[in-house]
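Visitor: Heads up: the sequence shown runs through residues 1 to 293, numbered per full-length UniProt numbering. Idealized CB from N, CA, C, for every residue including glycine. Small disclaimer: the values here were computed from a predicted structure and weren't measured.
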Amino acid sequence: MSVKPSKLENEVLDISKKLQQIMDGKKDNGNVIDMLEALGKLPVTIEILTSTRVGMTINDLRKKTSDDKVSKRAKVLLKEWKGLLNSGNSTSNGKSSKPDKPEKEKEIAKPMNNASSSSAPVPFPSRTSNKDEMRQKWITMIANALRATELPDSTLDPEDLASQLEDALYDIHKGNDKYKAAMRSRVFNLRDKKNPALRENFLTGVVTPERFAKMTSEEMASAEMKEQREKFTKQAISEHQMAVTEGTPSDMFKCGKCGKTNTTYSQMQTRSADEPMTTFVFCRTCGNRWKFC
Numbered sequence: 001m002s003v004k005p006s007k008l009e010n011e012v013l014d015i016s017k018k019l020q021q022i023m024d025g026k027k028d029n030g031n032v033i034d035m036l037e038a039l040g041k042l043p044v045t046i047e048i049l050t051s052t053r054v055g056m057t058i059n060d061l062r063k064k065t066s067d068d069k070v071s072k073r074a075k076v077l078l079k080e081w082k083g084l085l086n087s088g089n090s091t092s093n094g095k096s097s098k099p100d101k102p103e104k105e106k107e108i109a110k111p112m113n114n115a116s117s118s119s120a121p122v123p124f125p126s127r128t129s130n131k132d133e134m135r136q137k138w139i140t141m142i143a144n145a146l147r148a149t150e151l152p153d154s155t156l157d158p159e160d161l162a163s164q165l166e167d168a169l170y171d172i173h174k175g176n177d178k179y180k181a182a183m184r185s186r187v188f189n190l191r192d193k194k195n196p197a198l199r200e201n202f203l204t205g206v207v208t209p210e211r212f213a214k215m216t217s218e219e220m221a222s223a224e225m226k227e228q229r230e231k232f233t234k235q236a237i238s239e240h241q242m243a244v245t246e247g248t249p250s251d252m253f254k255c256g257k258c259g260k261t262n263t264t265y266s267q268m269q270t271r272s273a274d275e276p277m278t279t280f281v282f283c284r285t286c287g288n289r290w291k292f293c
């Protein structure tokens, strides 16, 4: 059963949405400072920050704005929220707040200092001390892949993310060969220099460990790879359709499957104009199809 957003959560979401619309040019510039001040006065909790992801909106605003006052106020607000995340048990205006869920049910990854971006091996996180050596090894490999290059702003704890991801994959595959293949795949994709968006989305919480654990190789692929796959798929469909189209009857072609010459053929320009045309042949005896240039 879904839980309805609280009044406070709706207030935060409303301000965040207005700020995003201003950045996207869909809304005239209102008094952004007033909106930031309003956010600063709200008793925001860790749960509100996590569910609304308002921190990402404010950080995006800080990067894009040309107004020094807006930039400084956004930095102050982000600093306050980072302090809240570090404390783990208070609201942004200093009041204590009880968590909506038990601590064991949902762990909040702690923000990291962006200056720490070394690719050197990191020690095993304390939360993995009860895991066996193989699982700890995978956690370290994931954490090192996350730290391979400079960490983006508002980064969550790489070790904590790595441990949560490993937990999710272990629950799905129970440590079998599929578990190892899934871990290798995620290490590879996080280290892929042509796919920085996946790493950044995971580090900043856009992609959760649970979601990342269930992603297919197609979903993890870079935009360039997805575009290339789509191109190949469309080309294969086009060629198949052209081959199915009834062509000119001919006995010039011998079927490699049944040896008969009861065929039809058609020719299409599938490449550049100065390249030879592609001939598509269909065997009317056994249904075999082939092509050549």
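Using DSSP's beta-bridge definition, name the partner residues of V281.
Guide: In DSSP, V281 forms a bridge with Y265 and W290.
Visitor: Between which residues of its own chain and A74 is the CB-CB distance below 8 Å, once the five residues before and five after are set aside?
Guide: Hits under 8 Å: L36, I58, N59, L61, R62 and T65.
Visitor: Cα separation between G40 and I142?
Guide: Straight-line Cα distance between these residues: approximately 35 Å.
Visitor: Under 7 Å Cβ to Cβ from T52, same chain only, skipping five residues before and after it: list those, please.
Guide: Once the five neighbours on either side are set aside, the close Cβ partners of T52 are E9, V12, L13 and S16.
Visitor: Between which two residues does the alpha helix (DSSP H) harbouring residue 353 extend?
Guide: The requested residue 353 does not occur in the structure, where the chain is confined to residues 1 to 293.
Visitor: Nearest to R284 by CA position, among R271, M277 and T248, is which residue?
Guide: Minimum Cα distance to R284 is reached at T248.
Visitor: Under a Cβ-count criterion, where at least 16 other Cβ atoms within 10 Å of its own Cβ denotes burial, should M134 be classed as buried or exposed?
Guide: Counting Cβ neighbours within 10 Å, M134 comes out exposed, since fewer than 16 surround it.
Visitor: Determine the DSSP secondary structure at P276, reduced to helix, strand or coil.
Guide: P276 falls in the coil class under three-state DSSP.
Visitor: How about C286 and K257: do their beta carbons lie closer than 7 Å?
Guide: It is a contact, given that the beta carbons lie within the stated cut-off.
Visitor: Measure the CB-CB distance between A145 and R184 and report whether it falls below 7 Å.
Guide: Result no, Cβ atoms of A145 and R184 do not sit closer than 7 Å.
Visitor: Tell me whether T57 sits in a helix, a strand or coil according to DSSP, three-state version.
Guide: Of the three classes helix, strand and coil, the one that applies to T57 here is helix, per DSSP.
Visitor: Could you say which of A181, K79, K174 and M220 lies nearest to K195 if we only look at CA atoms?
Guide: Note that residue 195 corresponds to Asn in the displayed sequence, not to Lys. Among A181, K79, K174 and M220, the Cα nearest to that of N195 belongs to M220.
Visitor: Flag this pair as yes or no: are the beta carbons of G205 and L165 separated by less than 7 Å?
Guide: No, these two residues do not count as a Cβ contact at 7 Å.
Visitor: Would you mind reading off the limits of the alpha helix (DSSP H) that contains S154?
Guide: S154 -> no alpha helix (DSSP H), and no H or E assigned at all.
Visitor: Can you tell me where the alpha helix (DSSP H) with residue 307 in it begins and where it stops?
Guide: The question about residue 307 has no answer, for the chain in this structure spans 1 to 293.
Visitor: Cβ atoms of A182 and L169: under 7 Å apart, would you say?
Guide: In contact: L169 and A182 (Cβ atoms closer than 7 Å).
Visitor: Tell me the residue span of the alpha helix (DSSP H) that contains D24.
Guide: Premise fails: D24 is in no alpha helix (DSSP H) and is neither H nor E.
Visitor: Spatial neighbours of A109 within its chain, please: C-beta separation below 8 Å, excluding the five flanking residues on both sides.
Guide: Any reading at A109 must be qualified, since the residue scores a pLDDT of 43, below 50, and its modelled position is unreliable; the value itself is stated next. Correct list, in chain order: L156, D157, D160, L161, Q164 and G205.
Visitor: Measuring only the C-alpha atoms, how far is T50 from L198?
Guide: Cα to Cα, the separation comes out at about 19 Å.
Visitor: Measure the C-alpha to C-alpha separation of residue 300 and S266 and round it to an integer number of angstroms.
Guide: Residue numbering for the chain in the displayed model covers 1 to 293; residue 300 lies beyond these limits and cannot be assessed.
Visitor: Once DSSP output is grouped into helix, strand and coil, what is the label at F253?
Guide: The answer is coil: DSSP assigns F253 none of H, G, I, E or B.
Visitor: For P276, count neighbouring C-beta atoms within 10 Å of its own C-beta (all shown protein chains included) and say buried if the count is 16 or more, exposed if not.
Guide: Burial call: exposed.
Visitor: Specify, as a first and last residue, the run of the alpha helix (DSSP H) that V187 falls within.
Guide: Unbroken alpha helix (DSSP H) run through V187: D177 to R191.
Visitor: With a 10 Å radius around its C-beta and 16 neighbouring C-beta atoms as the bar for buried, classify G55 as buried or exposed.
Guide: Classification for G55: buried.
Visitor: Among F292, Y179 and R271, which one has its Cα closest to the Cα of W138?
Guide: Nearest option by C-alpha distance: Y179.
Visitor: Evaluate T140 with the Cβ neighbour count: other Cβ atoms within 10 Å of its Cβ, from every protein chain shown; 16 or more gives buried, anything less gives exposed.
Guide: Counting Cβ neighbours within 10 Å, T140 comes out buried, since at least 16 surround it.
Visitor: May I ask you to report which of helix, strand or coil DSSP gives D132?
Guide: In this structure, D132 counts as coil in the three-state DSSP scheme.
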